[in-house]
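For the first sequence, position 486 (counting from the first letter as 1) is numbered 485 according to numbering that gives the first Met the number 0, and the numbering increases by one without interruption.
Where a beta carbon is used, it is the ideal one built from N, C-alpha and C, also for glycine.
Keep in mind it's a predicted model, so treat the numbers as computed, not measured.
Here the structure comes first, spelled out in structure tokens, and everything after it is commentary.
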Amino acid sequence: MKNKIIDLIVNSVDALGRDEISDLIEIPPKPELGDFAFPCFRLAKTMHKAPQMIAADIKSAIENSADASFLDEIQVQGAYLNFFIKKDIFVKSMVEAAFDENFGSSDIGKEKTVCIDYSSPNVAKNFHVGHLRTTIIGNSLYKIYSKLGYNVVRINHLGDWGTQFGKLIVAYKAWGNEETVKKDGVAELMKLYVKFHEEAEKNPSLNDEARAWFAKMEQGDEEALKIWQWFKDISLIEYKRTYDLLGMDFDYYLGESFYRDKTDDIVKKISDAGLLKDSEGAKIVDLEEYNMAPCLILKNDGSSIYATRDLAAIFYRKETYNFVKCLYVTGQEQKLHFAQVFKVVELLGNEWAKDALVHIPYGLVSLEGAKLSTRSGNIIYAEDILLEAISKIKEIIEEKNPDLPDKDETAKKIGVGAVLFNDLYNQRIKDVSFKWEKLLNFDGETGPYVQYTYARCASILRKLDNYTPSTDIDYSVLTDPDSMELLKEISRFPKVISDAAEKYEPSVVARFAVDMAQAFNKFYNANRINVDDENLRNSRASLVYITKKTIKDAMLLLGIDCPEQM
RNA sequence: GCAUCAGUAGCUCAGUGGAUAGAGCAAUGGCCUCCGGAGCCAUGUGCGUAGGUUCGAUUCCUAUCUGGUGCACCA
Numbered sequence: 000m001k002n003k004i005i006d007l008i009v010n011s012v013d014a015l016g017r018d019e020i021s022d023l024i025e026i027p028p029k030p031e032l033g034d035f036a037f038p039c040f041r042l043a044k045t046m047h048k049a050p051q052m053i054a055a056d057i058k059s060a061i062e063n064s065a066d067a068s069f070l071d072e073i074q075v076q077g078a079y080l081n082f083f084i085k086k087d088i089f090v091k092s093m094v095e096a097a098f099d100e101n102f103g104s105s106d107i108g109k110e111k112t113v114c115i116d117y118s119s120p121n122v123a124k125n126f127h128v129g130h131l132r133t134t135i136i137g138n139s140l141y142k143i144y145s146k147l148g149y150n151v152v153r154i155n156h157l158g159d160w161g162t163q164f165g166k167l168i169v170a171y172k173a174w175g176n177e178e179t180v181k182k183d184g185v186a187e188l189m190k191l192y193v194k195f196h197e198e199a200e201k202n203p204s205l206n207d208e209a210r211a212w213f214a215k216m217e218q219g220d221e222e223a224l225k226i227w228q229w230f231k232d233i234s235l236i237e238y239k240r241t242y243d244l245l246g247m248d249f250d251y252y253l254g255e256s257f258y259r260d261k262t263d264d265i266v267k268k269i270s271d272a273g274l275l276k277d278s279e280g281a282k283i284v285d286l287e288e289y290n291m292a293p294c295l296i297l298k299n300d301g302s303s304i305y306a307t308r309d310l311a312a313i314f315y316r317k318e319t320y321n322f323v324k325c326l327y328v329t330g331q332e333q334k335l336h337f338a339q340v341f342k343v344v345e346l347l348g349n350e351w352a353k354d355a356l357v358h359i360p361y362g363l364v365s366l367e368g369a370k371l372s373t374r375s376g377n378i379i380y381a382e383d384i385l386l387e388a389i390s391k392i393k394e395i396i397e398e399k400n401p402d403l404p405d406k407d408e409t410a411k412k413i414g415v416g417a418v419l420f421n422d423l424y425n426q427r428i429k430d431v432s433f434k435w436e437k438l439l440n441f442d443g444e445t446g447p448y449v450q451y452t453y454a455r456c457a458s459i460l461r462k463l464d465n466y467t468p469s470t471d472i473d474y475s476v477l478t479d480p481d482s483m484e485l486l487k488e489i490s491r492f493p494k495v496i497s498d499a500a501e502k503y504e505p506s507v508v509a510r511f512a513v514d515m516a517q518a519f520n521k522f523y524n525a526n527r528i529n530v531d532d533e534n535l536r537n538s539r540a541s542l543v544y545i546t547k548k549t550i551k552d553a554m555l556l557l558g559i560d561c562p563e564q565m
């Protein structure tokens, strides 16, 4: 529809090109102002005429055109040219588009690969509310990019290498024992880690001991690596339990340790390029010219650091997957780190680094206003959040719909959906203050609200006799304001997906899901679907059908499944 | 100190170089013998401050204030 209008304007205006016109066309804030609008302010300058007059001129030019038959009316309001499309034609085009099985999909990503590095928890540490964000956002970006035809590689870059394992080994040897670790798993490892830091404050030489153990790991020391592998195995079992609950998986679990034999090459590459400098006994790349702190490549004991391994990972991924983009979903506190690493890649002569390497930061999670801190116990675990949400939903189901089959399965979908939605609804960059009260409220702009709307659609369709989804309907009965608003909402879907991808922002999709649910509920309250008039019934049923379908597709992009009943 | 992100309604947040800045939560009142009330409708206050660019700025730029985060051997 928009293209047809662009055609008309292109033929009537010489001053602007097609693309400029396309950018200028907007959807008016109120339906009374038309279906599409073209503001003429921009033209006023080049044409040396008042915008109102320009609008009037274009109007008469278009009205005399034979191609304008799909228009009902054109109005000039101030500098705006408002287009009113013949309602049944408009409805038909929107319904047919939404019926398409691939509505919203695209092939712009065809034969292009995007790597997404997300979740990436630190081994031997608990998977807490903070890790949930990267996991959920990364998973949604995976769905969104897949929908656009990209080949997406999901990489869990486990924090399974580094000095913290030296600390852990020191602590385990000093205060731990095998039985307790076997029994309590990650919780016990966390205790040992905390204990290490307490003791190291009194006795700083412990830090040197820890670094020494890590250096041993890097040199392939058998004892050190055996303990390390054991800790890693224990941790992975717990993480996978959470991923299962979330209904998520990864293509690769390639932690930092995977790159440990690849860091020498990186150091050589940097050195060969003449970028490696000595500084206080360590090796760095000086980035002063770019207004950044130096990027540390090797510590003064010669062992690698996370930047070295991130660099190794970038080159490995570029070679292995030949990505067009590699996305890093981590907290915004790592912004400088990624800026440094990406700059080093670029300085090594890789122009692609500028566009292909993207840090996708998200805001800090705090708990009831205070910082998350394992040591002070101000921490909340991902698994507990999910289980709590599921159990609260179960209570509500028992109360509202005790006869529902598959109550547990449904409660899981809704509970997990509530958590996911809650994390995806606001822009990534916003800091989050975790509050149980907010998470467990399922009214208004929430996952359960959208899922409820979906279940309502499903229920309506179940109760109709003799309805098979079809576009062979009477479009003229769907021209009332509520139906039109709903249809317009639905037809935004493809743009919503491409916007979300472009901005790396799942919240765009989440907002859309709520907008659509609201538009549907409004329609539902104003119009009865199961009416005697077969013509009307089938037409409205088709509208319900595409609403249901689009809600489901939108929620799937967030990683959320919609139950048919709840 | 330097860098960076954010400041919109009591709270949590959308939003756009343009038409009267929107939702939800919380509060109060209401909703059809009928398709699912986790729903729908109604009721109020607001773009941190000061300049600049522009026909037009809440949006872009500069300064400033407030808050968050980062600034080498942790990741």
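(request) Could you check if A292 is buried or exposed, using at least 16 other CB atoms within 10 Å of its CB as the buried criterion? (result) Counting the other CB atoms within 10 Å of its CB gives A292 a total below 16, which places it among the exposed residues.
(request) Run the CB neighbour count on V530, radius 10 Å, all protein chains shown included, and call it buried at 16 or more, exposed below. (result) Taking all protein chains in view, the Cβ of V530 is surrounded by fewer than 16 other Cβ atoms within 10 Å, so the residue is classified as exposed.
(message) According to DSSP, simplified to helix, strand and coil, what is K298?
(response) Note: K298 maps to coil in three-state DSSP.
(request) Would you mind working out which of I135, W435, A410, I53 sits nearest I396, comparing C-alpha positions? (result) When each option's Cα is compared against that of I396, the closest is A410.
(request) Return helix, strand or coil for N150, following the three-state DSSP convention. (result) Correct three-state label for N150: strand.
(request) Find the nearest neighbour of G103 within the set L556, F322, I61, judged by alpha-carbon distance. (result) That would be L556, whose Cα lies nearest to the Cα of G103.
(request) Give me whichever residues DSSP pairs with F337 in a beta bridge. (result) Answer is none; F337 lacks a bridge partner.
(message) Using the Cβ count rule (16 or more neighbours within 10 Å means buried), how would you classify Y289?
(response) A residue is called buried once 16 or more other Cβ atoms fall within 10 Å of its Cβ, and Y289, having fewer, is exposed.
(request) Assess, as a yes-or-no matter, whether the stretch 150 to 157 is touched by the stretch 262 to 273 under the definition of 3 or more beta carbon pairs within less than 8 Å. (result) Look at the beta carbons and you see the stretch 262 to 273 not touching the stretch 150 to 157: under three pairs across the two are nearer than 8 Å.
(request) List the residues that DSSP assigns as beta-bridge partners of S377. (result) Before going further, note that residue 377 is Asn rather than Ser in the sequence given. Looking at the DSSP assignment, N377 forms a beta bridge with S372.
(request) Tell me, please, which residues DSSP counts as bridged to Y540. (result) It should be pointed out that residue 540 corresponds to Ala in this sequence rather than to Tyr. The partner list for A540 (beta bridge, DSSP) is empty, contrary to what the question assumes.
(request) Figure out for me which residue from C294, G376, L15, N299 has the closest Cα to the Cα of D309. (result) Check the Cα spacing between D309 and each of C294, G376, L15, N299: the tightest is with C294.
(request) List the endpoints of the continuous alpha helix (DSSP H) containing P468. (result) Element bounds for P468: n/a, residue is neither H nor E.
(message) Do G558 and I135 have their beta-carbon atoms positioned less than 8 Å apart in this structure?
(response) Yes.
(message) By the DSSP assignment, the beta strand (DSSP E) with L80 in it spans what residues?
(response) Where L80 is concerned, the enclosing beta strand (DSSP E) starts and stops at 79 to 84.
(request) Specify the secondary structure class of L245 as computed by DSSP and reduced to three states. (result) Helix.
(request) Report buried or exposed for K551, applying the criterion of at least 16 other Cβ atoms within 10 angstroms of its Cβ. (result) Here K551 is buried. Its C-beta has 16 or more other C-beta atoms within 10 Å.
(request) Go ahead and label R240 buried or exposed: buried means 16 or more other beta carbons lie within 10 angstroms of its beta carbon, across all protein chains shown. (result) R240 counts as exposed, since fewer than 16 other beta carbons sit within 10 angstroms of its beta carbon.
(request) Classify H358 as helix, strand or coil using the three-state DSSP reduction. (result) Collapsing the DSSP output to three states places H358 in a strand.
(message) Under 8 Å: do the stretch 82 to 91 and the stretch 104 to 121 share three or more Cβ pairs, one atom per stretch?
(response) The answer is no - the stretch 104 to 121 does not touch the stretch 82 to 91, with fewer than three Cβ pairs under 8 Å.
(message) Taking the alpha-carbon of L542 as reference, which of L486, Y466, S506, L253 has the nearest alpha-carbon?
(response) Just measuring C-alpha positions, the residue of L486, Y466, S506, L253 sitting nearest L542 is L486.
(request) Identify whether K324 lies in helix, strand or coil by the three-state DSSP scheme. (result) Strand, per DSSP.
(request) Consult DSSP for H127 and reduce its assignment to one of helix, strand or coil. (result) H127: strand per DSSP, three-state reduction.
(message) Which residue marks the beginning of the alpha helix (DSSP H) containing E622, and which one marks its end?
(response) The requested residue 622 does not occur in the structure, where the chain is confined to residues 0 to 565.
(message) For C39, report the span of its alpha helix (DSSP H) as first-last.
(response) Element bounds for C39: n/a, residue is neither H nor E.
(request) Enumerate in chain order the residues of its own chain whose CB-to-CB distance from P27 is below 7 Å, with the five nearest sequence positions on each side excluded. (result) Taking P27 as the centre and dropping the five residues before and after it, the same chain places the C-beta of G33, A36, N81 closer than 7 Å to its C-beta, in chain order.
(request) Following the continuous alpha helix (DSSP H) through C114, name the residue where it begins and the one where it ends. (result) Segment 112 to 116 is the beta strand (DSSP E) holding C114; no alpha helix (DSSP H) there.
(message) Under DSSP, the beta strand (DSSP E) around A454 begins and ends at which residues?
(response) Segment 446 to 461 is the alpha helix (DSSP H) holding A454; no beta strand (DSSP E) there.
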